[in-house]
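Undergrad:
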Amino acid sequence: MDFLRPASWEEALAAKAEHPAAVPIAGGTDVMVEINFDHRRPEHLMDLNRIGDLEEWEVGEDSVRLGASVPYSRIMEHLRTELPGLALAAHTVASPQIRNRGGVGGNLGTSSPAGDAHPALLAAGAEVEAESVRGSRRIPIDAFYTGVKRNALAPDELIRAVHIEKAGGPQQYSKVGTRNAMVIAVCAFGLALHPETRTVRTGIGSAAPTPVRARTAEEFLEAALEEGGFWDNGKIITPSLAGRFADLCAAACSPIDDVRGTAGYRRHAVGVMARRTLTWTWESYRGARRTTEGAA
Amino acid sequence: MPTNGVPTKITQGSGTRGGIGESTLRPDGILKVTGEFAYSSDLWHEDMLWGQILRSTVAHAEIVSIDTSQALAVPGVYAVMTYDDLPTGVRHYGLEIQDTPVLAHGKVRHHGEPVAIVAADHPETARRAAARIRVEYRELPVVTDEASALAPDAPLVHEHRDDLLQSQLRSTGGTPTVGHVPHPNVVHRQPIVRGDVTSARERADVIVEGEYTFGMQDQAFLGPESGLAVPEEDGGVHLYIATQWLHSDLRQMAPVLGLPEDKVRMTLAGVGGAFGGREDLSMQIHACLLALRTGRPVKIVYNRFESFFGHVHRHPAKLSYEHGATADGRLTHVKCRIVLDGGAYASASPAVVGNASSLGIGPYVVDDVDIEAIALYTNNPPCGAMRGFGAVQACFAYEAQMDRLAARLGMDPVEFRQLNAMEQGSLLPTGQAVDSPAPVAELLRRVKAMPMPPERQWESSEGADVRRLPGGLSNTTHGEGVVRGVGYAVGIKNVGFSEGFDDYSTARVRMEVVGGEPVATVHTAMAEVGQGGVTVHAQIARTELGVARVTIRPADTRVGSAGSTSASRQTYVTGGAVRHACELVRERVLELGRRRFGSYHPAWASAELLLEGGKVVTDGGEVLAGLADVLGEEAVEVEREWRHRPTEPFDPRTGQGNGHVQYSFAAHRAVVEVDTELGLVKVVELACAQDVGKALNPLSVIGQIQGGTAQGLGMAVMEEIVVDPRTARVRNPSFTDYLIPTILDTPTIPVDMLELADDHAPYGVRGVGEAPTLSSTPAVLAAVRDATGLALDRTPVRPEHLTGTG
Numbered sequence: 000m001d002f003l004r005p006a007s008w009e010e011a012l013a014a015k016a017e018h019p020a021a022v023p024i025a026g027g028t029d030v031m032v033e034i035n036f037d038h039r040r041p042e043h044l045m046d047l048n049r050i051g052d053l054e055e056w057e058v059g060e061d062s063v064r065l066g067a068s069v070p071y072s073r074i075m076e077h078l079r080t081e082l083p084g085l086a087l088a089a090h091t092v093a094s095p096q097i098r099n100r101g102g103v104g105g106n107l108g109t110s111s112p113a114g115d116a117h118p119a120l121l122a123a124g125a126e127v128e129a130e131s132v133r134g135s136r137r138i139p140i141d142a143f144y145t146g147v148k149r150n151a152l153a154p155d156e157l158i159r160a161v162h163i164e165k166a167g168g169p170q171q172y173s174k175v176g177t178r179n180a181m182v183i184a185v186c187a188f189g190l191a192l193h194p195e196t197r198t199v200r201t202g203i204g205s206a207a208p209t210p211v212r213a214r215t216a217e218e219f220l221e222a223a224l225e226e227g228g229f230w231d232n233g234k235i236i237t238p239s240l241a242g243r244f245a246d247l248c249a250a251a252c253s254p255i256d257d258v259r260g261t262a263g264y265r266r267h268a269v270g271v272m273a274r275r276t277l278t279w280t281w282e283s284y285r286g287a288r289r290t291t292e293g294a295a
Numbered sequence: 000m001p002t003n004g005v006p007t008k009i010t011q012g013s014g015t016r017g018g019i020g021e022s023t024l025r026p027d028g029i030l031k032v033t034g035e036f037a038y039s040s041d042l043w044h045e046d047m048l049w050g051q052i053l054r055s056t057v058a059h060a061e062i063v064s065i066d067t068s069q070a071l072a073v074p075g076v077y078a079v080m081t082y083d084d085l086p087t088g089v090r091h092y093g094l095e096i097q098d099t100p101v102l103a104h105g106k107v108r109h110h111g112e113p114v115a116i117v118a119a120d121h122p123e124t125a126r127r128a129a130a131r132i133r134v135e136y137r138e139l140p141v142v143t144d145e146a147s148a149l150a151p152d153a154p155l156v157h158e159h160r161d162d163l164l165q166s167q168l169r170s171t172g173g174t175p176t177v178g179h180v181p182h183p184n185v186v187h188r189q190p191i192v193r194g195d196v197t198s199a200r201e202r203a204d205v206i207v208e209g210e211y212t213f214g215m216q217d218q219a220f221l222g223p224e225s226g227l228a229v230p231e232e233d234g235g236v237h238l239y240i241a242t243q244w245l246h247s248d249l250r251q252m253a254p255v256l257g258l259p260e261d262k263v264r265m266t267l268a269g270v271g272g273a274f275g276g277r278e279d280l281s282m283q284i285h286a287c288l289l290a291l292r293t294g295r296p297v298k299i300v301y302n303r304f305e306s307f308f309g310h311v312h313r314h315p316a317k318l319s320y321e322h323g324a325t326a327d328g329r330l331t332h333v334k335c336r337i338v339l340d341g342g343a344y345a346s347a348s349p350a351v352v353g354n355a356s357s358l359g360i361g362p363y364v365v366d367d368v369d370i371e372a373i374a375l376y377t378n379n380p381p382c383g384a385m386r387g388f389g390a391v392q393a394c395f396a397y398e399a400q401m402d403r404l405a406a407r408l409g410m411d412p413v414e415f416r417q418l419n420a421m422e423q424g425s426l427l428p429t430g431q432a433v434d435s436p437a438p439v440a441e442l443l444r445r446v447k448a449m450p451m452p453p454e455r456q457w458e459s460s461e462g463a464d465v466r467r468l469p470g471g472l473s474n475t476t477h478g479e480g481v482v483r484g485v486g487y488a489v490g491i492k493n494v495g496f497s498e499g500f501d502d503y504s505t506a507r508v509r510m511e512v513v514g515g516e517p518v519a520t521v522h523t524a525m526a527e528v529g530q531g532g533v534t535v536h537a538q539i540a541r542t543e544l545g546v547a548r549v550t551i552r553p554a555d556t557r558v559g560s561a562g563s564t565s566a567s568r569q570t571y572v573t574g575g576a577v578r579h580a581c582e583l584v585r586e587r588v589l590e591l592g593r594r595r596f597g598s599y600h601p602a603w604a605s606a607e608l609l610l611e612g613g614k615v616v617t618d619g620g621e622v623l624a625g626l627a628d629v630l631g632e633e634a635v636e637v638e639r640e641w642r643h644r645p646t647e648p649f650d651p652r653t654g655q656g657n658g659h660v661q662y663s664f665a666a667h668r669a670v671v672e673v674d675t676e677l678g679l680v681k682v683v684e685l686a687c688a689q690d691v692g693k694a695l696n697p698l699s700v701i702g703q704i705q706g707g708t709a710q711g712l713g714m715a716v717m718e719e720i721v722v723d724p725r726t727a728r729v730r731n732p733s734f735t736d737y738l739i740p741t742i743l744d745t746p747t748i749p750v751d752m753l754e755l756a757d758d759h760a761p762y763g764v765r766g767v768g769e770a771p772t773l774s775s776t777p778a779v780l781a782a783v784r785d786a787t788g789l790a791l792d793r794t795p796v797r798p799e800h801l802t803g804t805g
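Protein sequences, first through last, are from chains A and B.
So in numbering that gives the first Met the number 0, spot 261 of the first sequence is number 260, and the numbers just go up one at a time.
So in numbering that gives the first Met the number 0, spot 108 of the second sequence is number 107, and the numbers just go up one at a time.
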């Protein structure tokens, strides 16, 4: 195994062009496990840790440009306001040591359906900034995941950053694991309300071959909120509405039975998380509305 | 037990600090916490090679061929060995039955069985070479449970079992093991019958029947299997190894290596933990074979993945129980059948069967019992010793039964237990009387009397603190669906090796003057695996010899056997041996004093002389001489074996017999909060009351109780090795999917420590390490049942069981 250590982004792109099978490594959360378990012995390992840019982030007008290697612990500390869903997801990643090393770029690169960041990215809305010696492009998150541990990156491309929409409304993230910390997701759910566009977005992890959105559920909820004038009148979401949304989210899953849980449980749990996160986000939205009205 | 001419009272409470009863600190504690402790995997030798084991990828298959040529061709490879390369005719080993091939011969019987071994100059080279060994398998149907093991056309896991039984008979001098083996796929069977269940059943107003399933738990000890074998000039080998019993390893290794036992030297290397998982051999013989073959030191270190295949697990079990009781809450009878899955090789299965059956009804008085326990041979991973050893599986089932009976009778579950609780003098189903305190009802009373943790502790001014809720930081509930439940359980565990085993230990104690100060040196072969023997031995020496400085020598085979660090026995047995040797040393020191100074003071003639604070003192505290002056240039050294009271085998047909030497009792109260919609459990508190006889080191004792409690919690809600029933392959051999409790899963564990001396044991001690592992699991399950109203007949309980989505 050859170990490549590019000193700059340009060197990294050149190396990736020369060795398209080279596996990039930053925090090593996934890659080191695969190597230690002997699941993968790449010819070339490309260490991205000398490229400081990858650990930087910029908060823009509408979105945050998050460097691929920004550790989860930084997201929790510094981007809680702009990226609340992702910050909650970051909390559930492994242990403090791993949160200090691992970043979203690794989750995206591996594209495991169990990656903790995916549901939050899907719910918030994001674009992956991919680059090669041929140039740079932005891949919408909805088009990024193409199969089990497969994604839309070309062999010569590297992930430089993720552009995530700044939260315009409440966001929530829940993950089920069979232990209260440091656990791989049995399934996970992300929800973001986007009051400015009067839309909602969801993200489901570990309950389908790829991370997915529950589009039918989103459309149902958007229509119901619109029809009932919920965005304006701030009514309480009825149990039946929340229940229908939960059922549609569960129906968006195509899970499997595996050693971590049954398909039936995953579908059920996604429904419960959908109902609860909808309640939490909507209550938060109503609270914010009242506060705003009170100030006005 | 004082010898003639030495004090009748112990010197505890004397001016010597750091004696028994004090919470002295572990010498390795800080090193372990700061990551500086040298584990066996840290061993290093300049010229060493690295060993690697090739393991079977299938559970049951004939080996058609093994081709090692490509592995041997890898540069840097020094040796590749298979069964055919073994040096002697002894090619099997085993703790009780020698049925385990050193390397597979003609057949593999479980997933991960060692097939070949490689030595190379780099671990990666060894790994690559092992991967180039071509093994052709012809797969065979797998035996995975009782139905497939005992079916009329069942494949025999050990096709020559009858031969094995005959050789076993010869090697045991005719001990009738055959009575315990009704079928070649049954390792061992133990019925226990007392009274008359049929007529007792007629007295029962309530009968409760239940079927229970207990999953396969892993010891998940710190520090995977590892060691370093160094060839020696005399043709022998020196093995530095993390194990639980040096002399048991030695006895199994030497014949395979073709060496007399005195040419196989063993030194204990740094052990992380064991919990029974190091009782069987792992890489010991393999490392020595490669070292002797290559003439170079050979190190083998398993990674965690390999460790899951490298040691036995706790027997999974199916348990069927029938309990009867009168309307006023008296147990009439218990009939039960416990089927333990022993996996492919026997390991400690016979003794596990002995415990499961003899302790199968728990700490209760029942005159009419009909118990049967068996262990099967299957193609599942081999199972053997783990903390609680057979008593754990039974406790899960009988405590569930006790709750169901109490509910049927409309009684409080604690009062119902107390009404039927065993006490000193009660008889076990084996007919043996419990001849030391058995405060079962009192422990239940104490654990029930502890204050309850406050409700809704997750509520704070800033909203829900998810760390205090089921799901923790995964943020699954802010209180929705959360229901509290409370459950109780109590258990009984035997201490020490049972059923007639000669369970002795050896200690060598030396006293001499070093730098003007009297120093005691304690040398035993006791494996320190975290239980705290290193602290306790020094405390005993200080108490008995009145010295401040005690040196604990590294454990090795230059001193006699200390027996196994298991069965909660080391403080009792090796502690007893150290105390006995100290008493003999004290006697000789006093003789020396009398010879040297007897004429100076009439008190020297008194029998009541003590060693305290580095001096010889009278009963009244008058100083006669300093120990340094008494000893002068002389060293006093004694090595002695020490035994607890003998036990007897259980009758193979009735199970009657005085099989056990001591018992350990613990009771738990579990308070859980269950997210009833998601099936997630947060254990809020696990209170424990335990009788420890005498706490030689209270801090260590509390540590043992809390650790055992946490391990039982893991078994209740998450820990399970999942084996595919179609292929008998292990599905989760890593800490990614074999989950053990984190600090967020571990609740507050208040401990109420009762000290009722066992007069038969040194200082009145009672083994403490295992009992808390028994009752913790059923207490958590009872609490989860209380919260959910579900029957829950299996452990660990998983979210799908709590949500009806299995």
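All C-beta atoms, glycine included, are put in the ideal place defined by N, C-alpha and C.
All values derive from a computational prediction rather than experimental measurement.
Could you check the C-alpha separation between residue 759(B) and residue 204(B) for me, to the nearest Å?
TA: Answer to the nearest angstrom: the Cα atoms are 40 Å apart.
Undergrad: Please say whether residue 153(B) and residue 109(B) have beta carbons closer to each other than 7 Å?
TA: It is not a contact, given that the beta carbons lie outside the stated cut-off.
Undergrad: On a Cα-Cα basis, can you pick out the residue from 43(A), 262(A), 248(A) that is closest to residue 254(A)?
TA: The shortest Cα separation from residue 254(A) among 43(A), 262(A), 248(A) belongs to 262(A).
Undergrad: Please classify residue 74(B): is it buried, with 16 or more other beta-carbons within 10 angstroms of its beta-carbon, or exposed?
TA: Exposed, by the Cβ-count rule.
Undergrad: Going along chain B, which residues have a C-beta under 8 Å from residue 279(A)?
TA: Correct list: 477.
Undergrad: Counting only beta-carbon separations shorter than 7 Å, does residue 81(B) have a partner in chain A?
TA: Cβ-Cβ to chain A under 7 Å: no for residue 81(B).
Undergrad: Classify residue 565(B) as buried or exposed, calling it buried when 16 or more other Cβ atoms lie within 10 Å of its own Cβ.
TA: With 16 or more other Cβ atoms within 10 Å, it is buried.
Undergrad: Applying the 10 Å Cβ sphere with the 16-neighbour rule, what's the burial state of residue 711(B)?
TA: Looking at its Cβ environment, which holds 16 or more other Cβ atoms inside 10 Å, residue 711(B) is buried.
Undergrad: Along the segment 694–726 of chain B, what residues have a CB closer than 7 Å to any CB found in chain A?
TA: Correct list: 717, 721.
Undergrad: Of the choices 699(B), 378(B), 422(B), whose alpha-carbon is the least far from that of residue 433(B)?
TA: Cα-wise, what sits closest to residue 433(B) is 422(B).
Undergrad: Output yes or no for whether 7 Å exceeds the beta carbon distance between residue 769(B) and residue 386(B).
TA: Result yes, Cβ atoms of residue 769(B) and residue 386(B) sit closer than 7 Å.
Undergrad: Determine contact between the segment 483–494 of chain B and the segment 502–519 of chain B, defined as no fewer than three beta-carbon pairs at a distance below 8 Å.
TA: Touching, no.
Undergrad: Going by DSSP in three states, residue 7(A) sits in which element: helix, strand or coil?
TA: In this structure, residue 7(A) counts as coil in the three-state DSSP scheme.
Undergrad: Under a three-way DSSP split, which group does residue 663(B) fall into?
TA: If DSSP states are grouped into helix, strand and coil, residue 663(B) belongs with the strands.
Undergrad: I believe residue 627(B) touches residue 512(B) by the beta-carbon criterion, under 8 Å. Please report the beta-carbon distance rounded to the nearest angstrom.
TA: Their Cβ separation, rounded to whole angstroms, is 5 Å, which keeps residue 627(B) and residue 512(B) in contact under 8 Å.
Undergrad: Pull up the DSSP beta-bridge partners for residue 688(B), would you.
TA: Paired residues: 666(B), 751(B).
Undergrad: Do the CB positions of residue 132(B) and residue 67(B) come within less than 7 Å of each other?
TA: Going by C-beta atoms, residue 132(B) is nearer than 7 Å to residue 67(B).
Undergrad: Roughly how many angstroms separate the alpha carbons of residue 331(B) and residue 772(B), rounded to a whole number?
TA: In a straight line, the C-alpha of residue 331(B) is about 28 Å away from that of residue 772(B).
Undergrad: Would you kindly work out how many angstroms separate the C-alpha atoms of residue 688(B) and residue 191(B), rounded to a whole number?
TA: Answer to the nearest angstrom: the Cα atoms are 29 Å apart.
Undergrad: So, helix, strand or coil for residue 357(B), using DSSP?
TA: In this structure, residue 357(B) counts as helix in the three-state DSSP scheme.
Undergrad: Here's a check: name, in chain order, each residue in its chain whose Cβ is nearer than 7 Å to the Cβ of residue 791(B), leaving out the five neighbours to either side.
TA: Here the set comprises 780, 783, 784, 800.
Undergrad: My output table needs one value for residue 23(A): the three-state DSSP class, helix, strand or coil.
TA: It is a strand residue.
Undergrad: Does the segment 160–172 of chain A come close enough to the segment 282–291 of chain A that 3 or more CB-CB pairs lie under 8 Å?
TA: Verdict: yes, contact present.
Undergrad: Can you tell me which of the three DSSP states residue 510(B) falls into?
TA: Residue state, collapsed to three classes: strand.
Undergrad: By the three-class DSSP mapping on this structure, what secondary structure does residue 671(B) have?
TA: Strand.
Undergrad: Quick one: which residues of the segment 167–185 of chain A get their C-beta closer than 9 Å to a C-beta of chain B? List them in chain order.
TA: Within the segment 167–185 of chain A, the qualifying residues are 171, 172, 173, 174, 175, 176, 177, 178, 179, 180, 181, 182, 183, 184, 185.
Undergrad: Quick check on the DSSP output: the beta strand (DSSP E) that includes residue 117(B) runs from which residue to which?
TA: Its beta strand (DSSP E) spans residues 113–119.
Undergrad: Output needed for residue 584(B): all residues of its chain with C-beta closer than 6 Å, excluding positions within five of it in sequence on either side, in chain order.
TA: If we look at residue 584(B) and ignore the five residues flanking it on each side, its Cβ neighbours are 508, 510, 635, 637.
Undergrad: Does DSSP classify residue 1(A) as helix, strand or coil?
TA: Of the three classes helix, strand and coil, the one that applies to residue 1(A) here is strand, per DSSP.
Undergrad: Where DSSP assigns a beta bridge to residue 144(A), which residues make up the other side?
TA: Answer is 150(A).
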